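Peer 1:
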Amino acid sequence: MSFPYQIKSVDQYKAAYDKSVNDPEGFWGEIASSFYWRKKWDKVLEWDFKKPTIKWFAGGKLNITENCLDRHLNTLGNTPAIIWESNDPEEPNRVLTYRELHAKVVQFANVLKNNGVQKGDRVCIYMGMVPELAIAVLACARIGAIHSVVFGGFSAQSISDRLQDAKAEFVVTCDGGFRGNKEIPLKSVIDDALVQCHFVKRVIVLTRTRTQVSMIEGRDVWWEEEIRKVEAQGNPDCVAEEMDAEDMLFILYTSGSTGKPKGVVHTCGGYMVYTNYSFVNVFQYQPGDVHFCTADIGWITGHSYIVYGPLSAGATSLMFEGIPTWPNAGRFWDIVDKYKVNVLYTAPTAIRSLMGFGLDPVKGHSLDSVKVLGTVGEPINEEAWHWYDEQIGKKKCPIVDTWWQTETGGILISNLAGVTPAKPAHATLPLPGVQPLLVDENGKEVTGNSVSGNLCIKFPWPGMLRTTYGDHERCRVNYFATYENLYFTGDGCLRDENGNYRITGRVDDVLNVSGHRIGTAEVENAINMHAGVVESAVVGYPHDIKGQGIYAFVIYQGTHGDDALARQDITKTVSKIIGAIAKPDKIQFVSGLPKTRSGKIMRRILRKIAEGEIDKLGDTTTLLDPSVVDEIAKGRL
Ligand code: WT7
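The sequence shown begins at 1 in the UniProt record's numbering and counts up by one.
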């Protein structure tokens, strides 16, 4: 494949950027022409951020899997599409060429059809990081079903909430999953989730761990048996469903500052064009490159930069089932050498945790194949940036610090590897087509350089969310109502003297723990489910490895005389309601919470206490009971 839109110099970047602003339709129309469309679009862009309505390539017809698979068969049929490395370093790896992946996707698409899945149906996918996860995702896309992948670490309650919100009648899962020395009982978690979801008609279960599971007659079927049925039918083809550019491709749930996670909706045409464009440019993809994105497909990073971006470019995408520290902290480096990885894309939290093991696990690895390093998910501190640069990149690999969100579909702000300059801890410049701006609290644009503000985007890009599933108003209120005619990211940001952007973190009540997005309200609701809890307030605090830790202030009237036991119990409740990723790092029992006279919790004060900045609490006189602040500050953990 060739990529006429790949930017190769700073001048080309500037020219592309200018064109994208002056003639966005011409700019994106030209890029989109490189893809395979069953029918060309009528109009490149129609939009109105007030409603919001955003339509890219309206009237265009396509199927994203024809772009990720079929169109590569002639030229790349024998090229590895997916290389899979098991959690267990002793287990043989698996390689699926484009031809093999195509065949498997077609086969599983027929399984879905045989089980009654139709275009527009929602399919929840709850699996570990096995190739069949990517196959299931693509098979949904092939028949026009809307996939909604739920990360394998979420609880039964979280799955059930998502199933109900998406009204998903189909589930694809595994008996269990391997992660480090743990075995995750995926099917049994699904069984618990389905107690509240009788509308689910079919559960397809892949064998992975061979743990005992219960199969409910009439509802649950084995993946392998269903495949055998398709084989017995003579392995028929499955011609890709013709989709409108604006038909839904997937729903992915993510946390906000209030309420339950919302289902971010991405559509077929724009998402395809944007993930491919950003993949090819940010990582400077060259044919033959092995791309190793360490994320889980349960998150947007995996959707865009393990599955759709790399495969639409004909790249070799490496999928890893395990974790960076198992069986030891050299695992990433073993994998890099084993497969001669060219691009390594990971999260600052992983880098910091590996730094903690010192240089021994890195020693003995060549890491020579690496050309580009990437980070994503949270701000990267300078120390981690330099360690990554020196110890892994040997100072010869550009680091791309890629800022984006579930809602943005793909990378919006990043340097382009080796093309535009990097600056430690800075995402640097917007991609062509992306028009960021900073605003102050009143929504007034902050112009010039060496300034800070809230990060907004003023013009649509093809990969942006279209709605939140089943609740368009929530989408409008969340993203488009804070500042008129702007998409609000929820992030605070600095712009340096040269116009480089540095994202400083969320300015709303959303935490970023190890690169995972968690709403404080969600954690509070989970804590409050514990019978002994009267009320709670949750804030983030700086954490050396996780970036942010979770600090919970809890009014507790339970029967445990023992604080440690009570803490354990509350932690268990949170795991059960949300999942282990949301467990509080610190739980402080308090007798009251700082509230305004109107009853609103003053999180600002709790945040300062959690951060240890007790001398900077600011004005507390407007509180209902200022004395509670002293008590909380004294009891700080
Ligand atoms: C939030 C989005 C996008 C994939 C992973 C996370 C933070 C993301 C960076 C970065 C500083 C970053 C932001 C953003 N974030 N990348 N390079 N530098 N912060 O997706 O779960 O939707 O979270 O992650 O705060 O709003 P997500």
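Yeah, the Cβ is synthetic: ideal placement off N, Cα and C, and Gly gets one too.
Only a predicted model underlies this, so the values are computations on that prediction, with no experimental measurement involved.
Report the residue from I527, F488, N22 whose alpha carbon sits nearest the alpha carbon of G433.
Peer 2: Position 433 of the sequence shown, counted from the first residue, corresponds to residue 433. For the residues I527, F488, N22, the minimum Cα distance to G433 belongs to N22.
Peer 1: Check whether the Cβ atoms of E484 and G443 lie closer than 9 Å to each other.
Peer 2: Counted from its first residue, the sequence shown places residue 484 at position 484. Counted from its first residue, the sequence shown places residue 443 at position 443. It is a contact, given that the beta carbons lie within the stated cut-off.
Peer 1: On a Cα-Cα basis, can you pick out the residue from M529, N328, H543, K616 that is closest to V554?
Peer 2: For the purposes of this step, residue 554 is identified with residue 554 of the sequence shown, where counting begins at 1. Comparing Cα-Cα distances from V554 to each of M529, N328, H543, K616, the minimum goes to M529.
Peer 1: If you run the structure through DSSP and keep just helix, strand and coil, what is N512?
Peer 2: Here residue 512 refers to the residue found at position 512 of the sequence shown. Strand.
Peer 1: Just tell me which of V451, V439, D471, D615 has its CA closest to the CA of K458.
Peer 2: Stepping through the sequence shown from its first residue, residue 458 is reached at position 458. For K458, the nearest C-alpha among the options comes from V439.
Peer 1: Starting from residue 643, trace the beta strand (DSSP E) in both directions and tell me its first and last residue.
Peer 2: Residue 643 lies beyond the stretch modelled for the chain, which goes from 1 to 637, so this question has no answer here.
Peer 1: Give me the residue from S9, Y5, V106, A425 with the minimum Cα distance to S34.
Peer 2: By 1-based counting over the sequence shown, the position of residue 34 is 34. Checked all of S9, Y5, V106, A425; the closest Cα to S34 is Y5.
Peer 1: Mind checking whether I527 and V538 have CB atoms under 9 Å apart?
Peer 2: Residue 527 sits at position 527 when you count from the first residue of the sequence shown. Residue 538 sits at position 538 when you count from the first residue of the sequence shown. Yes, the Cβ-Cβ distance between I527 and V538 is below 9 Å.
Peer 1: Is the CB-CB distance between residue 647 and A566 below 9 Å?
Peer 2: Residue 647 is absent from the structure shown; the chain starts at 1 and stops at 637.
Peer 1: Verify the contact flag: I300, CB atom, against every heavy atom of the ligand WT7, threshold strictly below 8 Å.
Peer 2: The residue labelled residue 300 in the question sits at position 300 within the sequence shown. The answer is yes for I300.
Peer 1: Go through its chain and collect everything with a Cβ distance to C68's Cβ below 6 Å, but skip five positions before and after it.
Peer 2: What you label residue 68 is simply residue 68 of the sequence shown in a count that begins at 1. Once the five neighbours on either side are set aside, the close Cβ partners of C68 are L311, S312.
Peer 1: So, V419 versus V111, is the Cβ gap smaller than 9 Å?
Peer 2: Your numbering for residue 419 matches position 419 in the sequence shown. Your numbering for residue 111 matches position 111 in the sequence shown. No.
Peer 1: Any heavy atom of the ligand WT7 closer than 8 Å to the Cβ of T408?
Peer 2: Position 408 of the sequence shown holds residue 408. Under cutoff, so the answer is yes.
Peer 1: Please go through the same chain and pick out, in chain order, the residues whose beta-carbon is closer than 7 Å to the beta-carbon of I54, but skip the five residues on each side of it.
Peer 2: As a position in the sequence shown, residue 54 is number 54, starting the count at 1. Correct list, in chain order: W47, P460, M464, R466.
Peer 1: Could you check the C-alpha separation between E535 and T520 for me, to the nearest Å?
Peer 2: Position 535 of the sequence shown, counting from 1, holds the residue named residue 535. Position 520 of the sequence shown, counting from 1, holds the residue named residue 520. Each residue's Cα considered, the two are about 13 Å apart.
Peer 1: Please report the Cβ distance between L252 and I83, rounded to the nearest whole angstrom; I am assuming they are in contact, meaning their Cβ atoms lie under 8 Å.
Peer 2: Here residue 252 corresponds to residue number 252 of the sequence shown, with the count starting at 1. Here residue 83 corresponds to residue number 83 of the sequence shown, with the count starting at 1. L252 to I83, Cβ: 24 Å. No contact.
Peer 1: In the structure shown, what three-state DSSP assignment does I577 receive?
Peer 2: Taking the first residue of the sequence shown as position 1, residue 577 is located at position 577. I577 falls in the helix class under three-state DSSP.
Peer 1: Quickly, what does DSSP pair C174 with across the bridge? List them, please.
Peer 2: Position 174 of the sequence shown, counting from 1, holds the residue named residue 174. Looking at the DSSP assignment, C174 forms a beta bridge with L206.
Peer 1: Which stretch, first to last residue, makes up the beta strand (DSSP E) that contains Y5?
Peer 2: For the purposes of this step, residue 5 is identified with residue 5 of the sequence shown, where counting begins at 1. Per DSSP, Y5 belongs to no beta strand (DSSP E) and is neither H nor E.
Peer 1: Near I159, which residues of its chain fall below 8 Å by C-beta distance, leaving aside the five closest residues on each side in sequence?
Peer 2: Looking up residue 159 in the sequence shown gives position 159. Taken in chain order, the residues that qualify are C124, Y126, V150, V189, I190, A193.
Peer 1: Under three-state DSSP, which class holds E30?
Peer 2: The count along the sequence shown starts at 1 and reaches residue 30 at position 30. The answer is helix: DSSP assigns E30 an H, G or I state.
Peer 1: Check the C-beta distance from P327 over to P89 and give it rounded, since I have them as a contact under 8 Å.
Peer 2: For the purposes of this step, residue 327 is taken as residue 327 along the sequence shown, with counting starting at 1. For the purposes of this step, residue 89 is taken as residue 89 along the sequence shown, with counting starting at 1. Yes, they are in contact, since the Cβ atoms of P327 and P89 sit about 7 Å apart, within 8 Å.
Peer 1: Counting along the chain, where does the beta strand (DSSP E) carrying E493 start and finish?
Peer 2: Translated into the one-based positions of the sequence shown, residue 493 becomes position 493. Note on residue identity: the sequence assigns Cys, not Glu, to residue 493. 487-495 is the span of the beta strand (DSSP E), which, as asked, contains C493.
Peer 1: Between the C-alpha atoms of K572 and A156, what's the straight-line distance to the nearest angstrom?
Peer 2: In the sequence shown, counting from the first residue as 1, residue 572 sits at position 572. In the sequence shown, counting from the first residue as 1, residue 156 sits at position 156. Whole-angstrom Cα-Cα distance: 13 Å.
Peer 1: When every heavy atom of the ligand WT7 is checked, does at least one fall within less than 8 Å of the C-beta of V376?
Peer 2: Looking up residue 376 in the sequence shown gives position 376. Flag set: Cβ of V376 near the ligand WT7.
Peer 1: Taking just the CA atoms, how far does P421 sit from P398?
Peer 2: Within the sequence shown, residue 398 is the residue found at index 398, counting from 1. Within the sequence shown, residue 421 is the residue found at index 421, counting from 1. Near 8 Å, if we compare the C-alpha coordinates of P421 and P398.
Peer 1: My parser needs the beta strand (DSSP E) runs of 3 or more residues fully inside the stretch 93-176; what are they?
Peer 2: Qualifying beta strand (DSSP E) stretches, in chain order: 94-97, 122-126, 146-149, 170-174.
Peer 1: Would the beta-carbon of I550 be found less than 8 Å away from any heavy atom of the ligand WT7?
Peer 2: Numbered from its first residue, the sequence shown carries residue 550 at position 550. Incorrect: I550 has no Cβ contact closer than 8 Å to the ligand WT7.
Peer 1: Report the start-end ranges of each alpha helix (DSSP H) in the stretch 338-363 that is 4 residues or longer and not cut off at the edges.
Peer 2: The qualifying runs are 348-355.
Peer 1: Can you give me the Cβ contacts of Y469 inside the same chain, cut-off strictly under 7 Å, excluding the 5 residues immediately before and after it?
Peer 2: As a working note, residue 469 is residue 469 in the sequence shown. Correct list, in chain order: D165, A166, I251, G263, V265.
Peer 1: Given a cut-off of 9 Å on the beta-carbon distance, is the pair A582 and V507 in contact?
Peer 2: On the sequence shown, position 582 is the one that residue 582 refers to. On the sequence shown, position 507 is the one that residue 507 refers to. Against a cut-off of 9 Å, the Cβ pair of V507 and A582 comes out as no contact.
Peer 1: Tell me whether G453 counts as near the ligand WT7, meaning its Cβ is closer than 8 Å to at least one heavy atom of that ligand.
Peer 2: Working through the sequence shown from its first residue, we reach residue 453 at position 453. No - the ligand WT7 has no heavy atom lying nearer than 8 Å to the Cβ of G453.
Peer 1: For N415 and D401, what's the separation of their Cα atoms in angstroms?
Peer 2: Taking the first residue of the sequence shown as position 1, residue 415 is located at position 415. Taking the first residue of the sequence shown as position 1, residue 401 is located at position 401. Their backbone Cα atoms lie some 7 Å apart in a straight line.
Peer 1: If you run the structure through DSSP and keep just helix, strand and coil, what is Y469?
Peer 2: To locate residue 469, count along the sequence shown from 1; it is residue 469. DSSP places Y469 in coil when its eight states are reduced to three.
Peer 1: Strictly by DSSP, which residues pair up with P436?
Peer 2: Within the sequence shown, residue 436 is the residue found at index 436, counting from 1. I457, per the DSSP bridge assignment.
Peer 1: Going by beta-carbon coordinates alone, are R179 and G322 separated by less than 9 Å?
Peer 2: Along the sequence shown, read from residue 1 onward, the residue named residue 179 stands at position 179. Along the sequence shown, read from residue 1 onward, the residue named residue 322 stands at position 322. A contact, by the Cβ cut-off of 9 Å.
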